[in-house]
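Q: In terms of the working numbering, the sequence shown is residues 82 to 328.
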Amino acid sequence: MMNTVNSHLREWLNTGLGFFYPNVCQICQIGCATEREGYVCAECWKQVRFIRSPFCDRCGLPFQGDLTTKFECTNCRELELHFSSARSAVVAKTVVLEVIHRFKYSHALWFENFLADLLIREAAPALRSQHWDALVPVPLHPKKFREREFNQAEILARRLGAATNISVDTSLLQRVVPTLTQTFLSREQRASNMTNAFAAAAGSAVGKKFIIVDDVFTTGATTSACAKALRAAGAMEVAVWTVARGL
Ligand SMILES: [Zn+2]
Ligand SMILES: [Zn+2]
82 MMNTVNSHLR EWLNTGLGFF YPNVCQICQI GCATEREGYV CAECWKQVRF
132 IRSPFCDRCG LPFQGDLTTK FECTNCRELE LHFSSARSAV VAKTVVLEVI
182 HRFKYSHALW FENFLADLLI REAAPALRSQ HWDALVPVPL HPKKFREREF
232 NQAEILARRL GAATNISVDT SLLQRVVPTL TQTFLSREQR ASNMTNAFAA
282 AAGSAVGKKF IIVDDVFTTG ATTSACAKAL RAAGAMEVAV WTVARGL
């Protein structure tokens, strides 16, 4: 009985939401876009730039040219990175950057399908052919989580996990220091801001392989600090996938 009531209620709510969210692109407010499309229309979609080879083997930074040998960029040579490799689906510019900011800071959760789709398109085919023990979303500090009420990295990791059958682990890694926002910090400040920001229980990751999932990769300071904590807890390998990559 309760289930029937719930399903009727859900139906009613969905109809209601359809009323409040018409099928209009939430970027340009002109084109047609459905919930399934994450409310981004075909015209705005054309601004999305997928990251294609060649890119840095280590951090996924795309570059011009047709290098066929292994290549590590200056970003990687200057930083001590604790992950084996990082890849991102698209460039963090134009529509993608706007969607990520509104999703994260303005609770524009209707963009979830757009962001999840970008990540799944690029990451799922690569991950399905490899062996990974779990996806680990970059955790928020509990204080930040209470303010924001959701962790965008966890939402994206759960969608990628459902698409790849890789489990999502949100208890292994904790954010133990409420770090300052990284936005206005230099590369060096970002790295030191993140040092020891994360922790995993000793021995909790022994011999395992993890993918850290986040929305944006900028210098790699955050994901590298996560990788460092997982490696310290015994992880055999830690790699990174994000939706977008700052250039
Ligand atoms: Zn549009
Ligand atoms: Zn690099």
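Cβ coordinates follow ideal geometry from the N, Cα and C atoms, glycine included. What you are looking at is a predicted structure, and each value in this text was computed from that prediction instead of being measured.
1. A281 lies in the beta strand (DSSP E); which residues open and close that run?
2. Within its chain, find whatever has a CB closer than 7 Å to the CB of E161; leave out the 5 residues flanking it on each side and keep chain order.
3. Does the beta-carbon of Q110 have 16 or more other beta-carbons within 10 angstroms, so that it is buried, or is it exposed?
4. Helix, strand or coil: which one does DSSP assign to E230?
5. Which class does M83 belong to by DSSP, given the choice of helix, strand or coil?
6. Within the present structure, is the beta-carbon of G112 separated from the nearest heavy atom of ligand 1 by less than 7 Å?
7. Would you give the residue range spanned by the alpha helix (DSSP H) that W126 belongs to?
8. Which value, in whole angstroms, describes the spacing of the CA atoms of C307 and Y120?
9. Could you tell me if the beta carbon of V121 falls within a distance shorter than 7 Å of some heavy atom in ligand 1?
10. Would F291 and A215 be called neighbours here (beta carbons separated by less than 8 Å)?
11. Under the criterion of a Cβ to heavy atom distance below 7 Å, does E124 qualify as lining ligand 1?
12. Which whole-angstrom value is the C-beta distance of L253 and A281, which I expect to be below 8 Å?
13. Contact defined as beta carbons within less than 8 Å: I believe A320 pairs with A286. What is the distance between those atoms, to the nearest angstrom?
14. Does the Cβ of T155 have 16 or more other Cβ atoms within 10 Å, making it buried, or fewer, making it exposed?
15. What residue does the beta strand (DSSP E) around V294 start on, and which one ends it?
16. Residue range of the beta strand (DSSP E) that R168 falls in?
17. Specify the secondary structure class of M317 as computed by DSSP and reduced to three states.
18. Would M83 be called buried (16 or more neighbouring beta carbons within 10 Å of its own) or exposed?
19. What I want to know is whether the C-beta of E139 ends up closer than 7 Å to one or more non-hydrogen atoms of ligand 2.
20. Do you know how far the Cα of P103 is from the Cα of N274?
A: Per the coordinate set shown:
1. Here residue 281 corresponds to residue number 200 of the sequence shown, with the count starting at 1. Segment F279 to A281, the beta strand (DSSP E) holding A281.
2. The count along the sequence shown starts at 1 and reaches residue 161 at position 80. Within the same chain, E161 has no close Cβ partners at all.
3. Position 29 of the sequence shown holds residue 110. So Q110 counts as exposed.
4. The residue you call residue 230 lines up with position 149 of the sequence shown. E230 falls in the coil class under three-state DSSP.
5. Residue mapping note: residue 83 aligns to position 2 of the sequence shown, counting from 1. Per-residue confidence for M83 stands at a pLDDT of 46, beneath the threshold of 50, marking its modelled position as unreliable; no derived number is given.
6. In the sequence shown, residue 112 corresponds to position 31, counting from 1. Yes, the Cβ of G112 comes within 7 Å of a heavy atom of ligand 1.
7. Working through the sequence shown from its first residue, we reach residue 126 at position 45. Counting along the chain, the alpha helix (DSSP H) containing W126 begins and ends at A123 to W126.
8. As a working note, residue 307 is residue 226 in the sequence shown. As a working note, residue 120 is residue 39 in the sequence shown. The straight-line gap from Cα to Cα measures roughly 32 Å.
9. The residue you call residue 121 lines up with position 40 of the sequence shown. Checking every heavy atom of ligand 1 against the Cβ of V121, one is found closer than 7 Å.
10. For the purposes of this step, residue 291 is taken as the residue at position 210 of the sequence shown. For the purposes of this step, residue 215 is taken as the residue at position 134 of the sequence shown. Taking 8 Å as the Cβ cut-off, F291 and A215 qualify as a contacting pair.
11. One-based indexing of the sequence shown puts residue 124 at position 43. Indeed, a heavy atom of ligand 1 lies less than 7 Å from the Cβ.
12. Counting from 1 along the sequence shown, the entry for residue 253 is found at position 172. Counting from 1 along the sequence shown, the entry for residue 281 is found at position 200. L253 to A281, Cβ: 5 Å. Contact.
13. Within the sequence shown, residue 320 is the residue found at index 239, counting from 1. Within the sequence shown, residue 286 is the residue found at index 205, counting from 1. Not really, about 14 Å apart at Cβ, beyond 8 Å.
14. Counting from 1 along the sequence shown, the entry for residue 155 is found at position 74. The residue is exposed, with fewer than 16 neighbouring Cβ atoms inside 10 Å.
15. Within the sequence shown, numbered from 1, the residue matching residue 294 stands at position 213. It spans K290 to F298 - the beta strand (DSSP E) in which V294 sits, taken as one unbroken run.
16. As a first step, residue 168 must be located in the sequence shown, where it is residue number 87. Run containing R168: A167 to V172, per the beta strand (DSSP E) assignment.
17. Numbered from 1 along the sequence shown, position 236 holds the residue referred to as residue 317. M317 falls in the coil class under three-state DSSP.
18. In the sequence shown, counting from the first residue as 1, residue 83 sits at position 2. Unreliable positioning characterises M83 in this predicted model, as indicated by a pLDDT of 46, which lies under 50. The coordinate reading is nonetheless provided below. Exposed is the call here.
19. Your numbering for residue 139 matches position 58 in the sequence shown. The amino acid at residue 139 is misidentified as Glu; the sequence shows Arg. Yes, the beta carbon of R139 sits closer than 7 Å to at least one heavy atom of ligand 2.
20. Taking the first residue of the sequence shown as position 1, residue 274 is located at position 193. Taking the first residue of the sequence shown as position 1, residue 103 is located at position 22. Straight-line Cα distance between these residues: approximately 42 Å.
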